[in-house]
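Note that numbering that gives the first Met the number 0 has the sequence shown beginning at 0, numbered continuously upward.
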Amino acid sequence: MSILQVSGLSRSFGGLRAVDGVGFGAEERGITAVIGPNGAGKTTLFNLISGSLMPDSGRVVFDGEDITGLKPFRVARRGISRTFQTVKLSRRMTALENVMIGRHVRSRAGFASGMLASPWAKKEERSIREEAMKAIELLGIADYRDKETGSLPFGIQRSVELARAIAAEPKLLLLDEPASGLNVRETRVLAELVSRIRGRGITILVVEHDMSLVMDISDEIVVLNFGKKLAQGKPREIQANREVIDIYLGEDDA
Ligand SMILES: Nc1ncnc2c1ncn2[C@@H]1O[C@H](COP(=O)(O)OP(=O)(O)O)[C@@H](O)[C@H]1O
Ligand SMILES: [Mg+2]
């Protein structure tokens, strides 16, 4: 069953149709990859799903409810977390503090009142810390939790970002090019972490350029080109798809 169903989704910037009538479903507990050349509309698609951008038309149904056009914090509360193409962490905070911010999305007090020192807020703060620690342990970065985030190796920063996203206990995780900037070894670790996260029952939608990673981890692949869905299928089907091969060869030539 699809936990996420996107249909007829479109968004233009001026005369440019960045996302043009895109529809697909993401299987619950599966890993669905969105691939396509630079400028194909992948990040825009994620922004439309997560509420960072409003669609011109189309629908986003998540977990049986229409979430089209909801504000990002409301989408987050429904159970969708994301990471960004460029790491967005507070460099001066510790890894644990960054992950705790992810957890605050779920807390009743919210971030501002969580700073107040009432006994109730303190108790909530403690539970936020505990949940953040669980995410940090799941991603194998407990050794770094008290380190200033900006000082950590880039691969570890990516893991901190993943921990922050899953600390909110999402049902769906959107990952925008999680392997960008990672070396071969770090990419292998990432593949293992993504599988581990899926093992927790979290559905994953991932935009990724690293084709061997995509073919390795995905159950289903959606191919975008110039804002439109060009193809969809299992990794084997996509690897053998002539049109898909052609756009990637074209990209290499450029
Ligand atoms: N905020 C924006 N304003 C204007 N054009 C944009 C904006 N965001 C994206 N675009 C354009 O939309 C197209 C799709 O971009 P994007 O979704 O970032 O592609 P991808 O992530 O697949 O590389 C590109 O041509 C890009 O320049
Ligand atoms: Mg992008």
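A virtual CB, placed ideally from N, CA and C, is assigned to each residue, including glycine.
Close Cβ partners of residue i (< 7 angstroms) along its chain, the five nearest in sequence each way excluded
i, result
"S194", "I216"
"R184", "none"
"A167", "A75, S80, G101, R102, V104, R105"
"S11", "A17, D55"
"P71", "S49, G50, S51"
"K170", "I2, D62, G78, I201, T202"
"T82", "E160, L161, A164, L174, D175, P177"
Own chain residues within Cβ distance below 8 angstroms of residue i, not counting five before or after
i, result
"L69", "G50, R77"
8 angstroms Cβ cutoff met for residue i and residue j
i, j, result
"G57", "G7", "yes"
"V206", "D175", "yes"
"H103", "I79", "no"
"L173", "I48", "yes"
"L223", "V21", "yes"
"Q238", "S179", "no"
"L212", "V159", "no"
"R28", "R187", "no"
"R199", "V98", "no"
"G154", "A39", "no"
Residue i: CB within 7 angstroms of a non-hydrogen atom of ligand 2
i, result
"D209", "no"
"V206", "yes"
"Q238", "no"
"D175", "yes"
"Q84", "yes"
Near ligand 1: residue i beta-carbon under 7 angstroms from a heavy atom
i, result
"L15", "yes"
"T43", "yes"
"A94", "no"
"G38", "yes"
"G35", "yes"
"F61", "no"
"F153", "no"
"F23", "no"
"F12", "yes"
Same chain, Cβ closer than 6 angstroms to residue i, neighbours up to 5 away in sequence not counted
i, result
"V33", "K41, V206, V221"
"T31", "A25, L204, E219"
"R144", "A94, L95, I135"
"L161", "L138"
"F45", "L173, D175"
"V59", "V5, I48, I66, T67"
Below 8 angstroms, how does it come out for the segment 128 to 144 and the segment 55 to 72: are there three or more Cβ pairs, yes or no?
No, the segment 128 to 144 is not in contact with the segment 55 to 72.
Contained beta strand (DSSP E) runs [length at least 3] in the segment 179 to 239, N- to C-terminal order
Annotation note: the segment 179 to 239 contains the following uninterrupted beta strand (DSSP E) runs of length 3 or greater, listed N- to C-terminal: 202 to 206, 219 to 224, 227 to 232.
Complete beta strand (DSSP E) runs within the segment 31 to 67 (minimum length 3 residues, chain order):
If one requires a minimum length of 3 residues, the beta strand (DSSP E) runs lying completely within the segment 31 to 67 are 56 to 61, in chain order.
Closer than 8 angstroms is the cut-off here; do at least three beta carbon pairs connect the segment 84 to 97 with the segment 141 to 157?
Yes, they touch.
What runs of the alpha helix (DSSP H), each 4 residues or longer, lie entirely inside the segment 121 to 177?
Whole alpha helix (DSSP H) segments, 4+ residues: 153 to 166.
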